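Visitor:
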Amino acid sequence: MNDNICPLDYRYGRKEIKSIFTEKARIQYQMNVEAALARAHASLGTISKEDADEISRVASLDVVSVERIKEIEKDTNHDLMAMVKAMTEQCKGDAGKYVHLGATSNDIVDTATAQQIKAGLEIIMDDVDKLLYTFVKVAKRERDTLEIGRTHAQYAIPITFGFKVSGYIAEMLRHRERLIEIMPRACAGKMAGAVGTGAALGKNFHKIQIEVMKDLGLTYEPAATQVVGRDRYTELVCLMANIATSLERYGTEVRNLQRSEIKEVEEAFNAAKQVGSSTMAQKRNPINSENVCGLARILRGFVTPTFENQVLWHERDLSNSSAERFTLPHVFILLDQMLYKTDWIWNGLEIHRDRMLENIQHSQGLVMAEPVMMKLTEKGVGRQDAHEMVREASMAAVDKNINLREALMERDDVKKYLTEDEIIHVMDAANYVGASREITDKMVEAVESALEKKV
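Start counting the sequence shown at 1; every next residue gets the next number (our numbering).
1) Identify whether Ile20 lies in helix, strand or coil by the three-state DSSP scheme.
2) For the alpha helix (DSSP H) containing Glu147, list its first residue and its last residue.
3) Restricting to Cα atoms, I'd like to know which of Ile402, Ser105, Met125, Val58 is closest to Lys92.
4) Could you spell out the range, first to last residue, of the beta strand (DSSP E) harbouring Thr160?
5) In terms of residue numbering, what span does the alpha helix (DSSP H) encompassing Tyr341 cover?
6) Which one of Lys49, Leu295, Asp428, Lys263 has the shortest CA to CA distance from Arg11?
7) Is Leu80 closer than 8 Å to Val109 when the C-beta atoms are compared?
8) Answer yes or no: do Val398 and Ile157 have a C-beta to C-beta separation smaller than 8 Å?
9) May I have the straight-line CA-CA distance separating Val331 from Ala407, to the nearest angstrom?
10) Kindly list the residues whose CB is nearer than 6 Å to the CB of Leu179, restricted to its own chain and excluding five residues on each side of it in sequence; keep chain order.
11) Run through DSSP, which three-state label would Thr419 get?
12) Determine the DSSP secondary structure at Ala188, reduced to helix, strand or coil.
13) Run through DSSP, which three-state label would Tyr220 get?
14) Might you give, ordered along the chain, the residues of its own chain that have their beta carbon closer than 7 Å to the beta carbon of Ala281, omitting 5 neighbours on each side?
15) Sort out for me which residues DSSP pairs Ile351 with in a bridge.
16) With the cut-off set at 8 Å, would you say Tyr340 and Asp127 are in Cβ contact?
17) Buried or exposed, going by whether 16 or more other CB atoms sit within 10 Å of the CB of Lys118?
18) At the level of alpha carbons, what is the spacing between Leu44 and Val237?
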């Protein structure tokens with residue numbers, strides 16, 4: 001056992017995305033910025049290429065140890081300056097004089113954060129693409145699988161299960177577009193000095209900032225304060241919360257459809273070994289979907305402090321710093337976990353097609369009231385009159401506990417327009433799923449087109 005407190009340390013989060021937000025990774029990203037700054041200076045003749053090469057050499061955890069940085073920080077009480085001093089110590093010749101030249105701490109910190117965001121977004125984008133592929137697989141397979149649609153948690157009219165999933169596809173495609181759009185706004189650094197004027201960098205300020213960001217593959221803040229505008233982080237975290245909420249929606253649907261009285265789908269379950277309950281040995285619970293729903297609530301909790309971090313005094317205060325050490329790593333690690341788990345759920349989802357048909361039949365034909373009404377209007381009955389005829393027949397069917405078809409055939413006003421064969425045909429659920437199949441096909445094509453381009 002260990003003494004970890006945060007569940008990300010021992011229960012949640014995958015290694016690849018966690019590795020981006022470790023303390024060692026943060027320091028390495030910051031040293032990457034210091035090296036890029038030195039190279040930018042050298043490209044403009046401010047310092048020699050040899051000095052820039054030497055700074056680039058020492059900008060590595062293989063050269064500068066975390067232990068030495070921590071040792072210096074005990075004296076300086078400034079983590080960034082401790083790193084700068086540790087780099088300077090390792091430089092040969094005069095190169096150490098030029099480490100951090102013209103920069104302020106947040107030139108390094110915010111630009112390093114932009115690198116982390118970029119690396120994290122690349123993983124999230126890959127997760128989204130994998131989930132889209134899984135949804136496509138399910139939608140294709142279940143294109144014609146009849147299911148009852150539900151509104152207000154009550155039976156509505158028939159759909160196909162593929163159609164249900166096509167709605168998830170459309171939603172995740174929108175999120176994918178948002179991720180593409182946000183990349184240049186969220187992955188922005190700065191190299192503009194203490195209050196954003198670039199004064200310490202002199203006449204070459206603009207060129208140095210452009211060169212540093214080009215070197216690191218980032219955009220830059222065109223009119224910074226001491227920090228990159230936090231509206232960028234607000235947009236980012238809100239998008240993460242938006243995606244997480246969509247995943248919670250899909251998880252909630254699985255949980256509802258797995259209810260004992262519905263039982264249309266089930267999460268994969270290892271019947272040979274998996275335990276559903278410590279006391280109720282029969283249990284097969286949707287624990288992964290429940291987990292996704294719970295994590296979504298935690299992720300959304302980081303939205304409020306992110307908004308509050310946007311409001312800083314004058315050109316900057318330090319109130320955002322401690323909060324952002326929590327918010328950004330957590331939203332990335334949690335969302336990656338949720339996307340991965342949602343993909344696992346839907347890849348192995350057991351779909352009970354027979355039970356879906358049973359539930360349609362269980363409605364005693366009442367779910368086919370709308371198509372009967374529409375058929376009556378085709379025969380010349382006014383829409384409101386047709387609605388009232390079918391409503392009265394539906395209420396009678398419920399009172400007598402009979403099928404709606406029987407209740408309709410007891411009514412002379414209905415028999416005047418529809419034969420029994422016509423009623424049987426119009427009340428066949430397979431004949432009333434509208435454009436469900438075509439919509440499913442279009443969403444499948446949209447995914448295949450988008451992922452072929454790999455924008």
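For every residue, glycine included, the Cβ atom is placed at its ideal position computed from N, Cα and C. As the structure is a prediction and not an experimental result, all values here were calculated from the model.
Guide: Quick look at the numbers:
1) coil
2) No alpha helix (DSSP H) holds Glu147; the beta strand (DSSP E) holding it covers 146-151.
3) Val58
4) 154-160
5) Just to set this straight, residue 341 is Lys in the shown sequence, not Tyr. First-last of the alpha helix (DSSP H) with Lys341: 319-347.
6) When only C-alpha atoms are compared, the closest one is Leu295.
7) yes
8) Going by C-beta atoms, Val398 is not nearer than 8 Å to Ile157.
9) 55 Å
10) Once the five neighbours on either side are set aside, the close Cβ partners of Leu179 are Met125.
11) coil
12) strand
13) strand
14) Reliability fails at Ala281, whose pLDDT of 49 lies under 50, so the model's placement of it is uncertain and the value that follows must be treated cautiously. If we look at Ala281 and ignore the five residues flanking it on each side, it has no Cβ neighbours.
15) Val265
16) Yes; because the gap between Cβ atoms is below 8 Å, this pair is in contact.
17) buried
18) 37 Å
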